[in-house]
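Chains as they are written, first to last, in the UniProt record's numbering: chain X, 1 to 314; chain Y, 1 to 556; chain G, 1 to 502; chain D, 1 to 113; chain P, 1 to 97.
In this text, a Cβ means the ideal position worked out from N, Cα and C, and glycines have one as well.
Since the model is a prediction, treat every value here as computed from it, not as a measurement.
Okay, so here's the structure we're looking at.
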Amino acid sequence: MTVVNALDIGLAALVLALAAWTVAAREAFAAAVGYVAYGLLLSLVWVRLFAVDVALTEAAIGSGVTGVLLIRAAARLRGATPALDEPLAPPLRFLAGVLCAMVAGALAATVLLMPDPAPTLAPQAVGNLPSTGLGNAVTAVLISYRAFDTMLEKVVLVLAVVGVWSLAPDACWGGSPGAPRPARPEAALAFLAQVLPPLGIVVGIHIFWVGADEPGGAFQGGAILAAMWMITMMAGLTEAPPVSSTRLRLVLVSGPAVFLAIGLAGVVIAGGFLAYPSGSAKPLILFIEAFMTLTIAATLPMLVAGPPEQPPQP
Amino acid sequence: MTGAAVLAALAHAAGSFGPGLLAAAVGTPVAILAACAISRGRRRSPALMVLAPLPALAAALLAGFGAPFSYKSRAFDVTLALDAPGAMLLGAAALLWIGAAFYAGADGRGGDGDGRFRASWLLTLMGSLGVFVASDLLTFFLAFALVSLPAYGLIIADDNASRRAGAVYMAFTVAGETLLLMGFVLLAAGEPNGSLQIRDVVAALPGSPWGGAALALVVAGFVMKIGLAPLHGWMPLAYTAAPLPAAAVLSGAAVKAGVIGLIRFLPFSHALPAWGEGLAILGLFSAFYGVALGITQTNPKTILAYSSVSQMGVIAAVAGMGLASGDLRAPLDTAFYAAHHVLVKGALFLAIGACAAAGARRHWLAFLPAAALALSLAGLPFTGGALAKLAVKGTLGSGAIGALASFSAAGTTLLMLHFLFRLARNPSPDRGARTSGQLLSAWFAMALASILAPWLLFPLTGGHLSDALTPAALRESLWPMLPGAALALPLWRWGGRLPHPPAGDIVVIGEKIIRASYGAGAALERVEAGIRQWPAAAMALLGIAIILGAAMATGF
Amino acid sequence: MQAITTALTATMGGLLLALAIILPVAGVLLSFVLGGRAAERIALYLMPAGLGVAAMIALGVWRSGAPLVYLLGGWPPPLGIALRADGFSAVMLLTTALVILCAGLFARANFPTPAGVNEARAPFAFWILLQGLWAALNMVFLGGDLFNLYVALELLTFAAVPLVCLDGRAETLLAALRYLVFALFGSVLYLLGAALLYGAYGTLDIGLLSSRISASPAVWAAAALMTTGLLAKTALFPLHLWLPPAHANAPAAASAILSALVVKASFFITVRLWFDVLPSLPVETPAAILATLGSLAILFGSVLALRQERLKLLIAYSTVAQIGYLFLMFPLAAGLHPWTADAWSGGVLQTLSHAFAKAAMFLAAGLVAETLGHDRISGLRGLGKVMPMSVFVLGLGGLSLMGLPPSGGFTAKWLLLMASVRSGQWPWAIVMLAGGLLAGGYVYRVLAPAFASADLSLKAPAPRNRERIALALALCAILLGFAPSGFFAFLQIGRPALTAIP
Amino acid sequence: MNTASLAGITGALLVGLGLFGLVTNPRPLRKLLAFNLLGSGVFLLFGVLARRGAAAGIAADPVPQAMVITGIVVAFSATALAVALLLRLFEETGRSTLRADPPSKAAGDGSGA
Amino acid sequence: MSAALDLLTIVAILAGLFFFLAGTVGLLRFPDPLSRLHALTKADNLGLGLIVVGLLPRAGGLLGVLKLVAVWFLVLLASATVAQLIAGAIRRKGSST
């Protein structure tokens, strides 16, 4: 028990050290790299908290895709003139430190002083599982009990895509985003991009599929599929599709659209918006999740790719 | 006998037509404004502007000679009511608005291309009529705002002087509205049953925990409106800058919003000696201050403006003495005095244009009635002014304040003679004044109305016309004029040696203070620029979180 | 617990609440796929429909005299999410529908898809973001779950930020970036607070929380963090750094919605938090802190507005000031006293009338800028001659901002002043009066040159039809000043009633 | 000290570190990194609360877990939008800064529409 | 039998940890990027392999074994690619200066 405890403490110390490095590093690029490592370690903490679904999401999206995004940005911003950004004067830094420490201290105390036994919805969530036909309570929360949140969060993704695209120069509208790849395709990367995706696609679909009963689901599976697409784009094997492509747009909205449609159908067949008829809940949920996986797999790379940067090809 | 029958018939008519007339009185100007949105209405607008006050005049006649009546809107929380003091002022104001609109039309204003003047005129008119009939707090406040704010559009023109006058006017107006708003809120809060009727809140005023503050704020708000010294700074500037018909209605009718305010909101049923005498002293100070500053001016419009400062002082003194003694007749007497001022002051402004327009040969035709009116203001026997002085004599009492008030007639005489002197000498500074029959007839009509109307209205105050004609009364109204007339000679001779303070005198100091406050504004701007820096704002964010949390945890 | 669960059952007509959100969401998705011209058409067709739904919700609340509730998926809280519409929600929904409709009609001229192309960037983004904004606002006004409200807030931010920088100028990009980062800062604090509340009570449903809440460190920390996060999004002084540049540089239709509605959304959640979640705690001091910040906002916002040289910046700073008024409601409407109903009505009315007045003013200012080619205040001399209707709109809006009758702003001020007098909280009354004076000053600064008669050179003819849209909004602000007493009773629906008013 | 408490303290410290970075670092990209750090700290606290709510045979309350998953996706989209804005700003101006310029007083032209 | 397997587990994991340690020391102490990269990739891949071998007996079934091997394979693939990319980047940077 003490060994585990020591390991926990070591893990926590590592996570905090990396976090501090991310804040303190001089170079933005180094900080971004540090952040990726931090995210991976953090997903171990999530495993230690028995939240494997979150651990997968954190590793795939929180650390992985976000990391790619930030590293790419840091690389692009290397030429930025730093002249205007003088750092904060030391007394102010100290004041900021004190304020942050006060907030952190109060938070820690609050969390440690939480009531025992902790209130929980686990019994209700588990108790209602049979009516959803699912085995994974987290998936049940996401797609059934709090389906509304999940559907709207997909709309958030669509709006984020619109927002990112809206930053394109007018002339580039309808064109393709600049692919997230280095100037010269690397042979090694190309090799990886050829070997990995078949495996990755199988794993991604597997994770989505088992998500009904075990850790996994649309988010995690979709993120892995997204990673495969991003690798092939980075390696120069595929091009990002033009933003005017109807097929791309259909894929991007298919998740929330199917969700919304089935939710509306619920008004007629199950007596309420986002309600599922008992008996056929599980197939419907899997149907929705399939499209959500697809949407996530397409949305994450498009968000990383950024706004269109090339004029549309005739 | 027939008089009683006529009165009964009038009372009956008041009961059946009155409420509708009240709504029409207030609604007509805005209806005309709406009609001017279409071009056909715009072309007829000068005529429509003359007609706009007619329903108000009819309502005033019904209520004045018949019986009071009221109107309550079902759709809005608006109540209107007309009693004798209100009717007196409403009628006089409506007459003046009609005459001035006639004059303005002759002057070529408010036509198709002059939307600003027309809209300002009609909105001010609506407020000016509205204050006399509003019977609940919110309606009164609305009407008061209407009679005050749109008048800005009547004052300004394209020169710097008028822009300055407009700015000063707006500053005073908005400040006055603010005082009044807070006063009204206190009045309403002090009414235990939640009624917003002016009658109820004023009745509850003496017992209200906020009574003193409410009274002080309300009086301060109205005092700013009637321009008592030292809060008079806007008045000379605005009346000098405004075109003549506008100056006429502003000085005659619009200012009476403050007078009706005093009449309606001072709790005359309770004797409040300290408050009343304080107001009276302020009024008398203003009465003499206006004269003192007025005789240093050369522009007839400015002189008339200072005369208003002085006359409003007398009115405030009357209202104050009424409050001091708890005299329930004071409202009617004050209203009568004010109604006389409505007509005479309005007519005198028109006289400036009429005299300038009349060729030198027929100058006397325009000048003689003006002289009569000017001296009427000082209380010349056989004029309406004498009646007005007589009406308020009882309220003013025979003490020091009463004596001083009578003696103020000497100042008025001096000031009016000075005015007539400048009127005879000075061509009108008003560029718009042109020779026109319509213009002259407007002036004659107004002058006639000003002379006749007080004689018709005087019986309503409970006085007898014969009282005004007794030798004692004649003597009493004449004697204060003599020292004034005597002083006029040296003024005539050596007046040029007097200092010439700028119109609006102490307002210059106020403007300096405001300019100095720009520095404070710049300092605030610098502070704000600092706060808008990211680290400052972000730290403020954390600070607020910590303070809020601490405040909740310590449970203060 | 049992009693509460039964109280949280769906009411008749509850599906309308879901529909109010589904409509714009469906619009977003459809527009995204069909793109181009279709997006504009979809938005403009959906807006009247949305207005109808909002009106039906208001009617439903009015008829039943109690909040409408809808349980999504049939799952009752705490496991599921409930939508809830009380009087305040209903009027906010209506206001949103009206303002968005007007802004949409107004924006048709700014964001048409040019002939000859299938789709252009700005129109595509604008019409989708507009519907996204609308969906998010409706979610905020209907949400009964604090986490769901978090998602709504994020949706709102994501829709609002790109609108600020649609023209792609560096200035607007910077404004948008500052807005985004600060808003994210705010929402993460909000989420942190929500997490603590969940940890302490096992639910984030507002109704359930209000009955369970008690004084505990978790509640204190949660309230402080959530409130601060929301204040950052509301741009309450001194957290307003992002507002003036963002609101002043956005396209006019977007500015109107941002100032009129978007900042009100986070304010609305703040109100929910303090009046629906936390009212059982002693809240005097925090409420006084909020009102103090509000007072500072009034002072600084008004003075800064007085000192601006551009019309849109002046109006944006006026928003900073007017937001301050909203927070004066907290100490005045807290608890159950004879004056709290007045204060509540006043606060809500201030929210509504500012929404209409400010939307109208931003639209008018946008037209002025389009017509003159600039919006420098010093260059507005003679505006009244060429654009009388726009000047009239600015004047009507200014009337409401100053709190002069007849306007919603006046009635709101009257009610708040009454409450502050009757509760003995004088400082807020003085602040309100001083704010009115300063507002008079900056409104005067705009109107005085407009009244002057100088010759202005126009870049484009004044668009009368679009001026009428702004006028309609301004008239709404004025009409609120004539609200009958039934309207105030409506605003109280869903509020705890003071049974015996002494 | 059990794992949940330890993770709770870690989460609180992460929040502190993230806040510090967000407040003090002048570079927007670093602010975004700090924002993600802050976010992950908040999510971790959520996770701790979920872990404390272990019951009914599962090791952590699923509801907060689901919220965290939603939150992670939202935080990612936010980062993506911010990065896109930042890069566009960099292209336009050649600099990346969040410094408050005084709301440009001179630039009154073309601000409409 | 089980004792032998346990022993294998312990020995293999300890050996794996040793290689990780060695790799980390190399990362920290070697003078130039290429040798650091060398230390890291070589030692870590071997270390991970040893740990996987150590865990094999405890995998509980063929599927588990396959998963562990797949993990090792994927890591090998990834680290080989990344090492290539980094080395390429270093070379370009070096040649440009």
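Margin query: In this structure, how does DSSP classify Asp159/Y when only helix, strand and coil are distinguished?
Written below: Position 159 of the second sequence, counting from 1, holds the residue named residue 159/Y. Reduced to three states, the DSSP call for Asp159/Y is coil.
Notebook entry, point to check: Over what stretch of residues does the beta strand (DSSP E) that includes Ser70/Y continue unbroken?
Noted result: Stepping through the second sequence from its first residue, residue 70/Y is reached at position 70. Taken as a continuous stretch (DSSP letters only), the beta strand (DSSP E) holding Ser70/Y covers 69-72.
Check: Going by other Cβ atoms of all chains shown within 10 Å of its Cβ, with 16 needed for buried, is Trp426/G buried or exposed?
Finding: Counting from 1 along the third sequence, the entry for residue 426/G is found at position 426. That one is exposed.
Check: Looking only at its own chain, which residues have a Cβ that is under 6 angstroms from the Cβ of Val218/Y, when we skip the five neighbours before and after it?
Finding: For the purposes of this step, residue 218/Y is taken as residue 218 along the second sequence, with counting starting at 1. For Val218/Y, where only same-chain residues beyond five positions count, the Cβ hits under 6 angstroms are Gly183, Phe265.
Margin query: Distance cutoff 7 angstroms, beta carbons only. Does Ala536/Y sit that close to anything in chain D?
Written below: For the purposes of this step, residue 536/Y is identified with residue 536 of the second sequence, where counting begins at 1. False, the Cβ-Cβ gap to chain D never drops below 7 angstroms.
Item checked: Same chain, Cβ closer than 7 angstroms to Leu196/X, five either side skipped, listed in chain order -> Locating residue 196/X in the first sequence gives position 196, where the first residue counts as 1. Only Met228, Ile231 meet the Cβ criterion.
Notebook entry, point to check: Helix, strand or coil for Arg27/D per DSSP?
Noted result: As a working note, residue 27/D is residue 27 in the fourth sequence. Reduced to three states, the DSSP call for Arg27/D is coil.
Notebook entry, point to check: Less than 7 angstroms separating the beta-carbons of Ala32/X and Ala74/X?
Noted result: Start at 1 with the first residue of the first sequence, and residue 32/X comes out as number 32. Start at 1 with the first residue of the first sequence, and residue 74/X comes out as number 74. Going by C-beta atoms, Ala32/X is nearer than 7 angstroms to Ala74/X.
Checklist line | Element boundaries [alpha helix (DSSP H), containing Thr22/X] | finding: Taking the first residue of the first sequence as position 1, residue 22/X is located at position 22. Thr22/X -> alpha helix (DSSP H) spans 2-24.
Notebook entry, point to check: Can you name the residues that DSSP bridges to Ala134/Y?
Noted result: Position 134 of the second sequence, counted from the start, is the residue given in the question as residue 134/Y. Note: Ala134/Y sits in a beta bridge opposite Leu80/Y.
Item checked: Of the listed residues Ser214/G, Ala20/G, Trp220/G, Arg169/G, nearest to Met552/Y (C-alpha basis) -> If you number the second sequence from 1, residue 552/Y lands on position 552. If we check each option's Cα against that of Met552/Y, Trp220/G comes out closest.
Check: In whole angstroms, what separates the C-alpha of Trp428/G from that of Tyr442/G?
Finding: As a first step, residue 428/G is located in the third sequence; it is residue number 428 there, counting from the start. As a first step, residue 442/G is located in the third sequence; it is residue number 442 there, counting from the start. Their backbone Cα atoms lie some 21 angstroms apart in a straight line.
Next item on the list: Give the secondary structure of Tyr306/Y by DSSP, where H, G and I count as helix, E and B as strand, and everything else as coil.
Entry: For the purposes of this step, residue 306/Y is taken as residue 306 along the second sequence, with counting starting at 1. Three-state result, Tyr306/Y: helix.
Next item on the list: Answer with buried or exposed for Leu19/D, where buried requires no fewer than 16 other C-beta atoms within 10 angstroms of its C-beta.
Entry: As a first step, residue 19/D is located in the fourth sequence; it is residue number 19 there, counting from the start. By the neighbour-count rule (16 or more Cβ atoms within 10 Å), Leu19/D is buried.
Check: So what does Arg310/G bridge to, in DSSP terms?
Finding: To locate residue 310/G, count along the third sequence from 1; it is residue 310. DSSP lists Arg376/G as partners of Arg310/G.
Checklist line | Residue nearest to Phe259/X in terms of C-alpha spacing, selected from Val155/X, Gly39/X, Gly97/X, Leu11/X | finding: For the purposes of this step, residue 259/X is taken as residue 259 along the first sequence, with counting starting at 1. If we check each option's Cα against that of Phe259/X, Val155/X comes out closest.
Item checked: Near-chain X residues of the stretch 73-87 of chain P (beta-carbon distance less than 8 angstroms), N- to C-terminal order -> Leu74, Leu77, Ala78, Ala80, Thr81, Gln84, Leu85
Notebook entry, point to check: Rounded to the nearest angstrom, how far is the Cβ of Gly294/G from that of Leu236/G, given a contact under 8 angstroms?
Noted result: Numbered from 1 along the third sequence, position 294 holds the residue referred to as residue 294/G. Numbered from 1 along the third sequence, position 236 holds the residue referred to as residue 236/G. About 7 angstroms separates the two Cβ atoms, so the contact holds.
Next item on the list: Classify Ala47/Y as buried or exposed, calling it buried when 16 or more other Cβ atoms lie within 10 Å of its own Cβ.
Entry: To locate residue 47/Y, count along the second sequence from 1; it is residue 47. Answer is exposed; the Cβ neighbour count stays below 16.
Next item on the list: Leaving aside the five residues before and after Ser406/Y along the sequence, list all residues of the same chain whose C-beta is less than 6 angstroms from its C-beta, in chain order.
Entry: Here residue 406/Y refers to the residue found at position 406 when the second sequence is read from its first residue. Cβ within range, chain order: Pro480.
Next item on the list: Just mark Gln438/Y as buried or exposed, buried being the case when its beta carbon has 16 or more other beta carbons within 10 Å.
Entry: Residue 438/Y sits at position 438 when you count from the first residue of the second sequence. Gln438/Y is exposed by the Cβ-count criterion.
Note to self: For a test of the three-state rule: what should DSSP assign to Phe410/G, helix, strand or coil?
What the structure shows: Position 410 of the third sequence, counting from 1, holds the residue named residue 410/G. Here Phe410/G sits in helix by DSSP.
Check: Can you give, in chain order, each stretch of the beta strand (DSSP E) that sits fully within the stretch 482-523 of chain Y and has at least 3 residues?
Finding: none
Checklist line | Local conformation of Asp455/G per DSSP, three classes | finding: As a working note, residue 455/G is residue 455 in the third sequence. Correct three-state label for Asp455/G: coil.
Check: When the Cα of Ala370/Y is compared with those of Leu138/Y, Ile352/Y, Leu396/Y, Ala391/Y, which residue comes out closest?
Finding: The residue you call residue 370/Y lines up with position 370 of the second sequence. Residue Ile352/Y is the option with its Cα nearest to Ala370/Y.
Margin query: Please tell me whether Thr298/Y and Pro501/Y are closer than 7 angstroms, where the distance is taken between their beta carbons.
Written below: In the second sequence, residue 298/Y corresponds to position 298, counting from 1. In the second sequence, residue 501/Y corresponds to position 501, counting from 1. Against a cut-off of 7 angstroms, the Cβ pair of Pro501/Y and Thr298/Y comes out as no contact.
Next item on the list: Mind listing the chain D neighbours of Glu467/G? Cutoff is C-beta to C-beta under 8 angstroms, in chain order.
Entry: The residue given as residue 467/G occupies position 467 in the third sequence. Going along chain D, no residue has its Cβ under 8 angstroms from Glu467/G, so there is no contact; the nearest lies around 14 angstroms.
Check: So Ser77/D packs on Phe158/G, CB below 8 angstroms; how close in whole Å?
Finding: Position 77 of the fourth sequence holds residue 77/D. Position 158 of the third sequence holds residue 158/G. Indeed they touch by this definition, with Cβ atoms about 7 angstroms apart.
Next item on the list: Tell me, to the nearest whole angstrom, how far the beta carbon of Glu467/G is from that of Met389/G; I am working on the premise that it is less than 8 angstroms.
Entry: Numbered from 1 along the third sequence, position 467 holds the residue referred to as residue 467/G. Numbered from 1 along the third sequence, position 389 holds the residue referred to as residue 389/G. Their Cβ separation, rounded to whole angstroms, is 4 angstroms, which keeps Glu467/G and Met389/G in contact under 8 angstroms.
Next item on the list: Could you have a look at Gly143/G and say whether DSSP puts it in helix, strand or coil?
Entry: Counted from its first residue, the third sequence places residue 143/G at position 143. Here Gly143/G sits in strand by DSSP.
Next item on the list: With DSSP as the reference, please indicate the residues paired to Arg84/G in a beta bridge.
Entry: Here residue 84/G refers to the residue found at position 84 of the third sequence. BP columns for Arg84/G point to Val69/G.
Note to self: In this structure, how does DSSP classify Pro85/Y when only helix, strand and coil are distinguished?
What the structure shows: Residue numbering aside, residue 85/Y sits at position 85 when the second sequence is read from its first letter. Here Pro85/Y sits in helix by DSSP.
Next item on the list: Please state whether DSSP places Gln197/Y in a helix, a strand or coil.
Entry: Locating residue 197/Y in the second sequence gives position 197, where the first residue counts as 1. Correct three-state label for Gln197/Y: strand.
Next item on the list: Using a threshold of 7 angstroms, state whether the C-beta atoms of Trp127/G and Ser216/G are closer than that.
Entry: In the third sequence, the residue the question calls residue 127/G occupies position 127. In the third sequence, the residue the question calls residue 216/G occupies position 216. It is not a contact, given that the beta carbons lie outside the stated cut-off.
Note to self: Looking only at its chain, what residues have a beta carbon closer than 6 angstroms to the beta carbon of Gly346/G, apart from the 5 residues adjacent to it on each side?
What the structure shows: By one-based count along the third sequence, residue 346/G stands at place 346. Correct list, in chain order: Ala412, Leu415, Leu416.
Note to self: Closer than 8 angstroms is the cut-off here; do at least three beta carbon pairs connect the stretch 91-107 of chain X with the stretch 48-58 of chain X?
What the structure shows: no
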